[in-house]
Amino acid sequence: MTKKKIGQLAGVLFLIVAGIFIGMNWQNWFGEPLEAQLTDVESAEDWTGERKAAQKPSPTIDIPGYEKLQLKADSLEQTVNFHNPENNTCYFKISVWQDPETKLWESKLLAPGKAIYELTLDKTIAAGSYEEAMVKYECFSLENHEPLNGSEIKVTLEVF
C-alpha cells in the first residue's frame, strides 16, 4: 500500500471512530440530565391486582367482527345481524362489499345500541363463496357527524 492510501484509510477510520464517539455522548452533552428523566409518574398508584373502572366512557370504538356473512342468492331482501354496540359514542355507517369494487348495500347512520336485522341489497348476487368480500364500518361523531376512524373487515361471503 502506498503512503497516500494508508493516510486516506487512517483518515476515514478516524472519522468513523469520532462519529461513533460523538453519537454515543451527544445525549450526555446536550440532552436532559438523567435525574430529570427519571421522575415519578404523578398519577401512579399502588398496584392492587385490579384496575378501577374508567370514570368516563372509553374513547375507543367497538366494532363487531365477522368471519363470514351468509346471504340468499338472487334476492334483494336479506336477513342480517348488524349492530352498533351501546357503549360506542359514535354513529356507524355499515356497507357490504362483494369485492373491493362492488358495493352491495350501505346503511344510513346507525346510532349506538341500535341494530339492523333486515336489509335490501342494491343488486342481487349469484350463489357462491366470495373470499374478497368485506363489511366496511365508517364512524361519525354524535354531535356534528364528523368522520372518525373506521374499519374494513374481510369476510367470506357465503351466498346460497
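In my numbering, the protein residues as written are 675 to 834.
Here a beta-carbon is modelled for each residue, glycine too, at the ideal position from N, C-alpha and C.
For clarity, every value in this text was computed on a predicted model and none was experimentally measured.
Asked                                                                                                     : Found
Segment contact, 8 Å Cβ cut-off, at least three pairs: the stretch 753 to 768 with the stretch 732 to 743 : yes
Buried versus exposed, by CB contacts within 10 Å (16 or more), Q701                                      : exposed
Backbone CA spacing between A747 and D796 [nearest angstrom]                                              : 13 Å
Rounded straight-line distance, which links the Cα of Y791 to that of S769                                : 14 Å
Length of the line joining the Cα atoms of V691 and N699                                                  : 12 Å
Span of the beta strand (DSSP E), counted from its first residue to its last, around F688                 : Unbroken run through F688 is the alpha helix (DSSP H), K677 to F704; no beta strand (DSSP E).
Beta-carbon spacing of M808, V829 below 8 Å                                                               : yes
Sequence ranges, beta strand (DSSP E) only - wholly within the stretch 752 to 790, length at least 3      : 764 to 773 and 776 to 780
Contact under 8 Å by Cβ, T794 with L750                                                                   : yes
I735 - DSSP class collapsed to helix/strand/coil                                                          : coil
Proximity to N762 [Cα-Cα], best of A800, N823 and E805                                                    : N823
Bridge partners - E826, DSSP secondary structure assignment                                               : K810
Beta-carbon proximity list for L783, same chain, < 8 Å, skipping 5 on both sides                          : Y765, F766, K767, F814 and H819
Reduced DSSP category for L743 - H, G, I as helix; E, B as strand; rest coil                              : strand
Nearest residue (CA-CA) to Q772, options S803, T734 and G705                                              : S803
Close Cβ partners of Y811 (< 7 Å) along its chain, the five nearest in sequence each way excluded         : I737, F766, I768, G824 and S825
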